[in-house]
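Written below as structure tokens is the structure these notes are about.
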Amino acid sequence: METEAKRLILQYGQPITITKSPADAPESTQAFIQPLRWDGQSALYGDYADTENTEQFLYIGPPNFPLSTYPSTTVITAENQNYIIKKAESVYLSGQRVYERAVLEKETEVG
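Those letters in the sequence shown? Residues 4 to 114, per the working numbering, in order.
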């Protein structure tokens, strides 16, 4: 059953790709990615808020891409920018997964 949240994410979210590892094919979907504005009320944000010199982003995505179960090698790409997952969790309502939210950081090039 598709939730209203999922429908809205897929209708209004920006196109993204999710790649679990370099060996995996990217999966396409829609999501919202925006600068994180920490309000101090959510445990999701508290662990990573105010990380030194690192801009963070809030991800809201459909429930059928459970980032909280994905490996640390996962890369999310939106508008030619790669992001890594710092923390993710599924959001439930009445026992049903409604959407996935996460804290992302821009991927930095190594080398």
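Virtual Cβ for every residue (Gly too), placed ideally from N, Cα, C.
With fewer than 16 neighbouring CB atoms inside 10 Å of its own CB, Leu-96 falls in the exposed class. Assigned with DSSP and collapsed to three states, Ala-26 falls in coil, not helix or strand. Contact check for Ala-8 and Val-101: beta-carbon distance about 5 Å, within the 8 Å limit, so the pair qualifies.
Sequence-distant partners of Pro-74 (beyond 5 residues in either direction) whose C-beta falls short of 7 Å from its own C-beta, in its chain, are Lys-23, Ser-24. In the DSSP assignment, Ala-81 is bridged to Gln-84. Contact check for Pro-65 against Ile-19 fails: the beta carbons are separated by 7 Å or more. Under the three-state reduction of DSSP, Thr-72 is assigned to helix.
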